[in-house]
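This report concerns only the one structure given below.
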Amino acid sequence: HNDLESFEGLHHNINSTLYRGTLFEYQTQDILKKCLGIYTQRSAGNNDLGVDLRGTWFLPLSSSPKPGDMVRHLKVIVQCKMMNAKVGPKFVRELQGSLSYETQPTMAILAVSSEFTRLALLPYAQSLWPMALVVIDTENYECRKLMWNTAAEKVMHGLQIATR
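Numbering (our numbering), first residue to last: -4 to 159.
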C-alpha cells in the first residue's frame, strides 16, 4: 500500500493499533494536501527516525497567489499521533530530535487527533527549530487547528494562512 485507497483495499484487523495508526497517517497525508498544499509520502518503518511522512510544502511567493504563480518549496517531516488523550511535551521533544537529523530548512509538523496540553506548547514555542502543531479532524476531514512557532515564521517568510 502506498496511499489511503490502496491501504483501505486490503484486509485488516480494524481493532489493531497498527491499523488505526496507519489509517491516521494516510488520512493526515490526504488532509494536509487538501487543506494546506503539503504533499507527502509515507516513510514509516523501523528506520524512519520518528518520521511518518516526508514531503514538500508548496508556499506561494506572493500574498495574493493566482493559479500558475511561482511557489517556494519547503521540506517537511510529519509525525502523526492518534490519541484520545491530550498530547504532551514528550512528543514535541521527540519531533525536535527527529528534526536534528534533517537538512535545514525543514519544517517539522506534529499532527495529532486530539489536542495539545499547555506543557506541550512550551518546548514547541521555545524551540529554535521550525515547528508546526496541527490538530487533524478525520470525521470532518479537515485541519481543525494549525499553529507554528517563531522559528517557522522565519522559514515561511511572513506567510499567513486564513480560513476560507
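Yeah, the Cβ is synthetic: ideal placement off N, Cα and C, and Gly gets one too.
- Put simply, the backbone Cα of S122 is about 39 Å away from that of N8.
- A Cβ-Cβ separation of about 12 Å leaves L27 out of contact with R37 under the 8 Å criterion.
- With 16 or more other Cβ atoms from the protein chains shown falling within 10 Å of its own Cβ, E20 counts as buried.
- In this structure, DSSP gives G50 an extended state, which the three-state scheme calls strand.
- Judged by their CB atoms, V71 and L128 are not nearer to each other than the 9 Å cut-off.
- Between the region 81 to 96 and the region 131 to 150, the count of Cβ pairs shorter than 8 Å is below three; the stretches do not touch.
- Contact check for T51 and L69: beta-carbon distance about 7 Å, within the 8 Å limit, so the pair qualifies.
- With respect to the C-alpha of S108, the residue from Y119, Q24 and F2 having the closest C-alpha is Q24.
- Relative to the Cα of H(-4), the nearest Cα in the group T17, D64, I33 and P118 belongs to T17.
- Per DSSP, Q155 lies in no alpha helix (DSSP H) segment and is marked neither H nor E.
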